[in-house]
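Residue numbers (this note's numbering), protein chains in the order written: chain A, 185 to 715; chain B, 185 to 715.
Heads up, the beta-carbon is just placed ideally off N, CA and C, and yes, glycines get one too.
Number of protein chains: 2
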Amino acid sequence: MTISGKQLIGGEWTAGDGGAFHAVNPTNGKRLMPAISIASNRQVEAAVRMAEAASKKFKHTPLNVRADFLRSCADQIMELGDELLERVSEETGYPRARAEGERARTCNQLRMFASYIESGDYLDARIDTALPDRQPLPRPDIRHINQPIGPVVVFGASNFPLAFSVAGGDTAAALAAGCPVIVKGHPAHPGTSELVAQAIAKAVNQADLPRGVFSFLIDQGHAVGAQLVKAPAVKAVGFTGSFAGGSALVALANQRPDPIPVFAEMGSVNPMFLLPQALKNNAASLAAGFVSSFTMGSGQFCVKPGLVFAVEGPHLEEFIAAASKLVADAAPAVMLNDRICDSFGKALDERISAGDLQILAQGKAPDGQKGFYSQVTLFGSTAATILEKPELLEETFGPASIIIRCRDESEMLNAARKLPGQLTATLHGTEQELADFAALADQLVEMAGRLVVNGFPTGVEVCHSMVHGGPFPATSDARFTSVGTNAIMRFVRPVCYQNYPEALLPPALRNHNPLGITRLVNGVRTAEPIA
Amino acid sequence: MTISGKQLIGGEWTAGDGGAFHAVNPTNGKRLMPAISIASNRQVEAAVRMAEAASKKFKHTPLNVRADFLRSCADQIMELGDELLERVSEETGYPRARAEGERARTCNQLRMFASYIESGDYLDARIDTALPDRQPLPRPDIRHINQPIGPVVVFGASNFPLAFSVAGGDTAAALAAGCPVIVKGHPAHPGTSELVAQAIAKAVNQADLPRGVFSFLIDQGHAVGAQLVKAPAVKAVGFTGSFAGGSALVALANQRPDPIPVFAEMGSVNPMFLLPQALKNNAASLAAGFVSSFTMGSGQFCVKPGLVFAVEGPHLEEFIAAASKLVADAAPAVMLNDRICDSFGKALDERISAGDLQILAQGKAPDGQKGFYSQVTLFGSTAATILEKPELLEETFGPASIIIRCRDESEMLNAARKLPGQLTATLHGTEQELADFAALADQLVEMAGRLVVNGFPTGVEVCHSMVHGGPFPATSDARFTSVGTNAIMRFVRPVCYQNYPEALLPPALRNHNPLGITRLVNGVRTAEPIA
Chain A
185 MTISGKQLIG GEWTAGDGGA FHAVNPTNGK RLMPAISIAS NRQVEAAVRM AEAASKKFKH
245 TPLNVRADFL RSCADQIMEL GDELLERVSE ETGYPRARAE GERARTCNQL RMFASYIESG
305 DYLDARIDTA LPDRQPLPRP DIRHINQPIG PVVVFGASNF PLAFSVAGGD TAAALAAGCP
365 VIVKGHPAHP GTSELVAQAI AKAVNQADLP RGVFSFLIDQ GHAVGAQLVK APAVKAVGFT
425 GSFAGGSALV ALANQRPDPI PVFAEMGSVN PMFLLPQALK NNAASLAAGF VSSFTMGSGQ
485 FCVKPGLVFA VEGPHLEEFI AAASKLVADA APAVMLNDRI CDSFGKALDE RISAGDLQIL
545 AQGKAPDGQK GFYSQVTLFG STAATILEKP ELLEETFGPA SIIIRCRDES EMLNAARKLP
605 GQLTATLHGT EQELADFAAL ADQLVEMAGR LVVNGFPTGV EVCHSMVHGG PFPATSDARF
665 TSVGTNAIMR FVRPVCYQNY PEALLPPALR NHNPLGITRL VNGVRTAEPI A
Chain B
185 MTISGKQLIG GEWTAGDGGA FHAVNPTNGK RLMPAISIAS NRQVEAAVRM AEAASKKFKH
245 TPLNVRADFL RSCADQIMEL GDELLERVSE ETGYPRARAE GERARTCNQL RMFASYIESG
305 DYLDARIDTA LPDRQPLPRP DIRHINQPIG PVVVFGASNF PLAFSVAGGD TAAALAAGCP
365 VIVKGHPAHP GTSELVAQAI AKAVNQADLP RGVFSFLIDQ GHAVGAQLVK APAVKAVGFT
425 GSFAGGSALV ALANQRPDPI PVFAEMGSVN PMFLLPQALK NNAASLAAGF VSSFTMGSGQ
485 FCVKPGLVFA VEGPHLEEFI AAASKLVADA APAVMLNDRI CDSFGKALDE RISAGDLQIL
545 AQGKAPDGQK GFYSQVTLFG STAATILEKP ELLEETFGPA SIIIRCRDES EMLNAARKLP
605 GQLTATLHGT EQELADFAAL ADQLVEMAGR LVVNGFPTGV EVCHSMVHGG PFPATSDARF
665 TSVGTNAIMR FVRPVCYQNY PEALLPPALR NHNPLGITRL VNGVRTAEPI A
């Protein structure tokens, strides 16, 4: 495959009419070839029109056809081979092992959705059969199913060039649900994005699906994204990125004559709480795990632990000393792009000059290298300071974290009560301590989507039970997850049929249950046919 | 019981500090006793504070305790006996049979949610057990459950003084989910509302729940409602009413520092399509069903059929003649209150003076009666006119409907494509016709929450399969229903526990499955314990 720098509009690759730019290798600051064209207003319109037309057919695709298509997307991504892995590294600075791991995650995700939709679970098929003799009024036959919401726009994320990008979780979930997808690729990794788009386009062709099922557009600014969110035929938006970016999309969507849902995952500080006994038993290993977690991917993970709370004392000092030593040895961290590198640098400078934080340790400073490098930084503070300066509770996207000394356990609980919504919260404690601190756990579950115990928040398992979500401002809608099989629920809406002839119903709702799925029939979950 | 005109704030009845007003009997315009006090700013704050405190305890209530509480609410409402039925009729003009039917619906709804939560279905319990030997990384134990979203504000609706009001579907769903409820009662039926609030307060006492689980506030304007929607501790809002009212609440909720979901059911014109053969076979009986449906409750139902589409010809004329005859005989319709009566009158005048509609028939004119009466009105128009004047597609709340002549079937399909989001759409056709018109049915399902076949949209069955919802502007969020067991999903959000000690997990997630519920364990739905 070669990277053309073109847009994919309903199966056709065409050069963008809206200008051009180059990707940059963040490890050395060099421009990457080729030039990437930018989609024009007219091209965005064409992609939306094709998605709208495709929607009417795609929603009727049998589940097994859609499942095979998802598997074929995964196969085609694997077919890209080393070229994809190399381009990921060139565009993001991620080492090859990370690129390989993320590719595996992306393909597993596509295959997981394939199996999941075949189970029919997400359809939430519900049937209440007619009761013609009921008094005072007969009950009609009513049958309920989830149907695709319509064309979905997905914004590629900067920090996961594969798993939260062109064929990432949002795209996989939307296609699985039967929704055409238009991806707005992230300008930091346009070549990676195009390669993956080529893979999906091949899968669309092979499955003989309407070509408008998938389009891929790119630009360097906000125009393409804004036009997509405002397009009347677009029915939902998936986004992973900054609070500012997510909030802007939500505002745009709410200004439409018909507002649409924007599922924005906007990041989090992911507080960790170290309970006294756990800290006493494992100060050094906790420090190692913590430093590894907050510096992983150069601290550019939405689940990076950005705050650590513990009660002051010798064991906390031991933890701090161990963590500081590891941080001091840390090499300069390569950042995804110049903008993120600059923002992180500015945020560090502001925090340092504000004087509210103590610098516990800093890694090696970038030493005139070309490229975009940051200095790993570990801050210290107190619960009292943090509670007075809520701006310290905001995410810093990059390799920094803050250890917060609490005077006592009640101050720690009090601090937990003041935290805004989070993707995750983490507790380290012995089983006895976890029981003793049940009120803290309860508070954390109020505030976060996932409670991690004796582990670290980085590493978001792709499975049925995952909740990668959480109360505002972590996401724009706490009722949904963007990772795991339940992520499909963002892209469906329920409808019911009253007295519709059985032969005309969607297969999932027919009496003889041709799909063999589990349904809620007159209040009972069963896979049995209806007599 | 006596009606005190007081507010219920976390178990205490106190007179409102914010002024007073009287309910009015719409059949004769007479003021009803006693004076109803209005909640003050301070009293609203107190109710919110108590709901917030109650939330932390109420969410841990065992499912069977919560179920019994819901059943007790139903029992206490029945205990109110004739006093409640009489007050409903006095405040709404609804005949006793309607009041009785609505009371039965309300109590059935509470009991249905009781059984439904006992099944554990809505918890969506999902367990992925640890895979410590998985390569390259072990999988942690992850367990997923839906938990209550927190305090919910419910706005009573004008047109269903019981079923969509103080103990209506929104309240029942929120309490079932484990969320404290603050009801803002509708000022058109404050006495009815207070009686029901007394019943719930008794049930709260008997179940020994925290008193803040339920509060009841009232005012005549918008101040109390606005304050409630803006209160930081409030986490969701349920509303049934006008588009203007629902939109205002959504805007308020979106302006919060942390936006919250508003589930606003904002009405609909509920188009009906009469296919040629059905019209030929049943013109007279279709006309009777249609007139009965659009005049039911004086046309003050959100599922009133407000538009009827059919292809012109002798059978349509037969239908029009039969419907016109029934309308001409219709008595003046008593409206819920002066405001609704005035609005309907103005809407009729505007439509008549605009000259786009033909008056096919009008019922008997109100003849100087005191009270709030309207004239049943049947309009005629053409598809061409309707498509040019989209304002004619807006809901008129009251006993009016429009029959729309289409030149041919393709014009009828074209008109269907132009309709905004709806709660329901209805098709009348023979089985062969329904198959032939599959494209029309498909379009209607795109646009509505419920497709009714060979029936009428009024009569919203309370069951597992019901979808009382639909795309904007019918509701503010098409992904949820406000009637039926699935309505509970509005008031929960998912969380997951990673490696949390088994003994500390919520009962629904423990290995031995003490609740005996069906769970998704490693991808398989099962009620078996985990070994």
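Item	Value
Please classify G265(A): is it buried, with 16 or more other beta-carbons within 10 angstroms of its beta-carbon, or exposed?	exposed
In the stretch 642-654 of chain A, which residues sit with their C-beta less than 8 Å from some C-beta in chain D, listed in chain order?	Reference to chain D is not applicable here, since the protein chains of this structure are A and B.
From I504(A) to A462(A), what does the alpha carbon distance come to, in whole angstroms?	14 Å
What did DSSP end up calling Y306(B) once you bin it into helix, strand or coil?	helix
Here's a check: name, in chain order, each residue in its chain whose Cβ is nearer than 7 Å to the Cβ of V365(B), leaving out the five neighbours to either side.	V336, V338, T355, A358, L359 and F398
Find the residues of chain B that neighbour I701(A), judging by a C-beta separation of less than 7 Å, and give them in chain order.	By Cβ distance, chain B contributes nothing, its closest Cβ being about 10 Å from I701(A), past 7 Å.
Taking N465(A) as the reference, give the member of E615(A), H696(A), L294(A) and S508(A) with the closest Cα.	E615(A)
So, G334(B) versus F344(B), is the Cβ gap smaller than 8 Å?	no
For H406(B), which residues in the same chain have their Cβ closer than 8 Å to its Cβ, ignoring the five residues on either side in sequence?	A432
Have a look at A251(B), D522(B) and E275(B) and flag the residue whose alpha-carbon is nearest the alpha-carbon of E302(B).	A251(B)
If the criterion is Cβ atoms closer than 8 Å, does the pair N209(B) and E274(B) meet it?	yes
Report all residues from its chain with a CB closer than 6 Å to the CB of S342(A); omit the five preceding and five following residues, and keep chain order.	H370, A372 and L520
Specify the secondary structure class of D533(B) as computed by DSSP and reduced to three states.	helix
Decide if S666(B) is buried, meaning its Cβ has at least 16 other Cβ atoms within 10 Å, or exposed.	buried
Please report whether the beta-carbon of H328(B) lies at a distance below 8 Å from any beta-carbon of chain A.	yes
From the DSSP output, which residues share a beta bridge with K368(B)?	F339(B) and L401(B)
For C680(A), which three-state DSSP category applies?	strand
Rounded to the nearest angstrom, what separates E534(A) and I326(B) at their Cα positions?	38 Å
Can you tell me whether M217(B) is buried or exposed, with buried defined as 16 or more other CB within 10 angstroms of its CB?	exposed
Counting only C-beta atoms, is D620(A) closer than 8 Å to chain B at any point?	no
Give the range of the beta strand (DSSP E) segment to which H499(A) is assigned.	Per DSSP, H499(A) belongs to no beta strand (DSSP E); it is in the alpha helix (DSSP H), P498 to A512.
Tell me, please, whether the CB atom of T665(B) is closer than 8 Å to any CB atom in chain A?	yes
Output, in chain order, the set of chain B residues within a Cβ distance shorter than 9 Å of R634(A).	I326, V679, C680, Y681 and Q682
Determine, using beta carbons only, whether G639(A) comes closer than 8 Å to chain B.	yes
Using DSSP's beta-bridge definition, name the partner residues of E196(A).	I193(A)
Anything in chain B within Cβ reach of D312(A), meaning under 7 Å, just list it in chain order.	C647, H648 and S649
Just tell me which of M456(A), K554(A), A199(A) and L704(A) has its CA closest to the CA of A517(A).	K554(A)
Buried or exposed, going by whether 16 or more other CB atoms sit within 10 Å of the CB of Q439(B)?	exposed
Based on the DSSP secondary-structure assignment, which residues constitute the bridge partners of Q542(A)?	G564(A)
Flag P279(A) as yes if its beta-carbon sits less than 8 Å from any beta-carbon of chain B, otherwise no.	no
Is it buried or exposed for I329(B), if we count other Cβ within 10 angstroms and need 16 for buried?	buried
Check whether the stretch 572-588 of chain A and the stretch 610-630 of chain A touch, using three or more Cβ-Cβ pairs below 8 Å as the test.	no
Output the boundary residues of the beta strand (DSSP E) element that contains R271(B).	That residue, R271(B), is in no beta strand (DSSP E); its alpha helix (DSSP H) goes G265 to T276.
I want to see whether chain B comes within less than 8 Å of L470(A), judged by CB atoms only; does it?	no
Is there a C-beta anywhere in chain A that falls below 8 Å from the one on E615(B)?	yes
Short of 6 Å in beta carbon distance, which residues of its chain neighbour T376(A), apart from the five on each side in sequence? Order them along the chain.	R271, V272, E275 and P345
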